[in-house]
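Numbering (this note's numbering), first residue to last: 8 to 131. Backbone N, C-alpha and C define an ideal beta-carbon position, used for all residues, glycine too. Because the structure is a prediction, the values reported are computed rather than measured.
Written as structure tokens, this is what we have:
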């Protein structure tokens, strides 16, 4: 907690994040007296290994990239929060990064370049 406090992150925010991560099977929690300890689950290890592989395959040394970007923009109403979360999770898993709410970007490999869509076309 001390490290996060020095970074300006509140104790409540840290506890909430740790609880959510445990609920998503990313962290295990053990108590020893009044102290709580967290460790990675097997699921978290698989997620991290997959991330490492994706970074290595698409990293700065990847010569297949020609400098072209793929941009995804979307807008979903507030009552479609679950759909927004699912879409964002899929985009993240596909190597996209969020620039702002509803705007994502990824490097486009040469092999999967597609022509730009007109603004009136939808693909979702």
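Verify whether the separation of the beta carbon atoms of residue i and residue j is less than 8 Å.
i	j	result
residue 25	residue 48	no
residue 94	residue 103	no
residue 18	residue 28	no
Does residue i come out as helix, strand or coil in the three-state DSSP assignment?
i	result
residue 45	strand
residue 32	coil
residue 15	coil
residue 131	Here the model assigns residue 131 a pLDDT of 48, short of 50, so the residue's position is not dependable, and the following value carries that caveat. Coil.
residue 88	helix
residue 74	strand
residue 120	Legend: pLDDT at residue 120 = 45, less than 50; position of this residue unreliable, no value from coordinates given.
residue 115	strand
Quick check on residue i: buried or exposed, where buried means 16 or more other Cβ atoms within 10 Å of its Cβ?
i	result
residue 76	exposed
Identify the residues that DSSP records as bridge partners of residue i: which are they?
i	result
residue 37	44
residue 110	80 and 107
Residue i and residue j look like a contact to me (Cβ under 8 Å); what is the Cβ gap, rounded to whole Å?
i	j	result
residue 91	residue 98	Residue 91 to residue 98, Cβ: 11 Å. No contact.
residue 50	residue 44	With 8 Å as the limit, residue 50 and residue 44 do not qualify as a contact, their Cβ atoms being about 18 Å apart.
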